[in-house]
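Chains as they are written, first to last, in my numbering: chain G, 56 to 164; chain E, 56 to 164. Let me begin by presenting the structure, written as structure tokens, before commenting on it.
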DNA sequence: CGCTTACGTAAGCCATCTGTTACACATGAC
DNA sequence: GTCATGTGTAACAGATGGCTTACGTAAGCG
């Protein structure tokens with residue numbers, strides 16, 4: 056789950072979102088953000104090391120592409136928790152009622 | 056997506072995993088980790104501020120419970136990307152073959 | 001009332017992260 | 001070759017993060 060650390064940064068999430076729409080060159084990406092190009096270069100490095108993006112050289116340009124596999128891993132990590140909110144949505148009223156009843160008894164309120 | 060930053064830390068992910076199995080007191084949680092209790096207290100604070108856990112006082116104990124809503128948000132954030140790896144799984148063989156041709160000349164499967 | 005238990009918080013230390021400016025180094029145009 | 005273009009890296013400053021050792025505080029017990 057190294058991807059989580061990479062995705063913790065908002066700029067990197069935006070980069071990922073941009074790349075989801077298609078490949079882009081490094082400079083082209085950098086132009087979308089209010090920070091300097093080296094800063095974006097670093098972000099790209101982090102994303103690369105997390106396996107979230109892949110680069111290929113195209114002449115003097117570096118073209119970045121999203122690699123969705125770590126996102127898929129994240130999805131898998133999330134899977135076991137899904138029943139928690141599914142349950143909550145399915146039986147919202149009863150869950151809340153049950154919880155409130157239990158609390159009320161305990162608190163004596 | 057503040058939850059992503061909270062979940063970037065492995066200890067906090069473990070806490071979340073523990074709480075997925077049921078509520079626990081702060082000390083009980085701290086006992087599961089090789090760090091000191093104040094460190095866990097801080098982690099719990101971060102999780103609380105990210106909305107991932109809720110606390111209730113039970114006498115002098117603080118009982119923590121997982122709140123799955125931020126996880127659900129994370130799931131929603133992830134949703135638009137799902138088509139990417141679904142697509143990729145379809146064409147996995149070709150993708151991998153192309154990527155690895157440089158290293159392995161062997162091509163059995 | 002003390003004393004213990006179960007916590008949270010404050011202060012300080014060190015590592016890591018993010019940003020900047022300055023620089024190195026290929027690629028392409030001439 | 002010379003110069004511009006595209007991009008990564010180095011070095012540094014400032015902020016943030018996580019850990020530890022005190023310390024504060026409220027709930028229970030005698």
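Backbone N, C-alpha and C fix where the C-beta goes; we use that ideal spot for every residue, glycine too.
Limits of the alpha helix (DSSP H) - the one that residue 83/G falls within: Within the first chain, numbered from 1, the residue matching residue 83/G stands at position 28. For residue 83/G, the enclosing alpha helix (DSSP H) has its first and last residue at 81-85.
Residue 57/G, enclosing alpha helix (DSSP H) - first and last residue: As a position in the first chain, residue 57/G is number 2, starting the count at 1. Per DSSP, residue 57/G belongs to the alpha helix (DSSP H) from 57-62.
Any 3 or more C-beta pairs closer than 8 Å across the segment 107-116 of chain E and the segment 88-95 of chain E: Segments in contact, no.
Limits of the alpha helix (DSSP H) - the one that residue 75/G falls within: Position 20 of the first chain, counting from 1, holds the residue named residue 75/G. Taken as a continuous stretch (DSSP letters only), the alpha helix (DSSP H) holding residue 75/G covers 65-75.
Residues that residue 133/G contacts on chain E, provided the C-beta gap is smaller than 9 Å: For this step, residue 133/G is matched to residue 78 along the first chain. Those within 9 Å of residue 133/G in chain E are 126, 129, 130 and 133.
C-beta atoms of residue 140/E and residue 127/G nearer than 8 Å: Residue 140/E sits at position 85 when you count from the first residue of the second chain. Residue 127/G sits at position 72 when you count from the first residue of the first chain. Taking C-beta atoms as the reference points, residue 140/E and residue 127/G count as a pair closer than 8 Å.
Rounded C-alpha distance that separates residue 68/E from residue 90/G: Numbered from its first residue, the second chain carries residue 68/E at position 13. Numbered from its first residue, the first chain carries residue 90/G at position 35. When only Cα atoms are considered, residue 68/E and residue 90/G end up about 31 Å apart.
Buried or exposed by the 16-neighbour rule on C-beta atoms within 10 Å, applied to residue 125/G: Locating residue 125/G in the first chain gives position 70, where the first residue counts as 1. Buried, since its Cβ has 16 or more Cβ neighbours within 10 Å.
Any chain G beta carbon closer than 8 Å to residue 75/E: On the second chain, position 20 is the one that residue 75/E refers to. It does; some Cβ of chain G falls within 8 Å.
Nearest-angstrom Cβ-Cβ length linking residue 81/E and residue 99/E, presumed shorter than 8 Å: Position 26 of the second chain, counted from the start, is the residue given in the question as residue 81/E. Position 44 of the second chain, counted from the start, is the residue given in the question as residue 99/E. Between residue 81/E and residue 99/E the beta-carbon gap is near 6 Å, inside 8 Å, which marks them as a contact.
Cβ-Cβ distance between residue 121/G and residue 84/G below 8 Å: Taking the first residue of the first chain as 1, we reach residue 121/G at position 66. Taking the first residue of the first chain as 1, we reach residue 84/G at position 29. No. Outside cutoff.
Cβ-based burial, residue 160/G [other Cβ within 10 Å; buried from 16]: For the purposes of this step, residue 160/G is taken as residue 105 along the first chain, with counting starting at 1. With a pLDDT of only 39 at residue 160/G, under 50, the local geometry of the prediction cannot be trusted, and the value read off the model is given with reservation. So residue 160/G counts as exposed.
Per DSSP, cross-strand counterpart(s) of residue 119/E: Position 64 of the second chain, counted from the start, is the residue given in the question as residue 119/E. Per the DSSP secondary-structure output, residue 119/E pairs in a beta bridge with 79/E and 110/E.
Straight-line gap, residue 88/G to residue 119/G (C-alpha atoms, nearest Å): For this step, residue 88/G is matched to residue 33 along the first chain. For this step, residue 119/G is matched to residue 64 along the first chain. So the alpha carbons of these two residues sit roughly 16 Å apart.
As assigned by DSSP and simplified to three states, the class of residue 90/G: As a working note, residue 90/G is residue 35 in the first chain. Residue 90/G carries a coil assignment under DSSP once its states are collapsed to helix, strand and coil.
Selected residue, minimal CA-CA separation from residue 59/G, among 86/G, 76/G and 130/G: As a first step, residue 59/G must be located in the first chain, where it is residue number 4. Of the candidates 86/G, 76/G and 130/G, the one whose C-alpha sits nearest the C-alpha of residue 59/G is 130/G.
Where residue 121/E meets chain G, residues with beta-carbon distance less than 9 Å: Looking up residue 121/E in the second chain gives position 66. Against chain G, a Cβ distance below 9 Å from residue 121/E picks out 136 and 139.
Burial state of residue 79/G, where buried means 16 or more other Cβ atoms lie within 10 Å: Numbered from its first residue, the first chain carries residue 79/G at position 24. Note on residue 79/G: 16 or more other CB atoms within 10 angstroms of its CB, so buried under the neighbour-count rule.
Helix, strand or coil at residue 131/E according to DSSP, with G and I counted as helix: Translated into the one-based positions of the second chain, residue 131/E becomes position 76. In the structure shown, residue 131/E sits in a helix (DSSP, three-state: H, G or I).
Chain G within 8 Å of residue 105/E, Cβ atoms only: One-based indexing of the second chain puts residue 105/E at position 50. Not closer than 8 Å to any Cβ of chain G, the Cβ of residue 105/E fails to qualify, so no.
When 117/G, 136/G, 107/G and 86/G are compared against residue 123/G, the one with the closest alpha-carbon: Looking up residue 123/G in the first chain gives position 68. Nearest of 117/G, 136/G, 107/G and 86/G to residue 123/G, Cα basis: 107/G.
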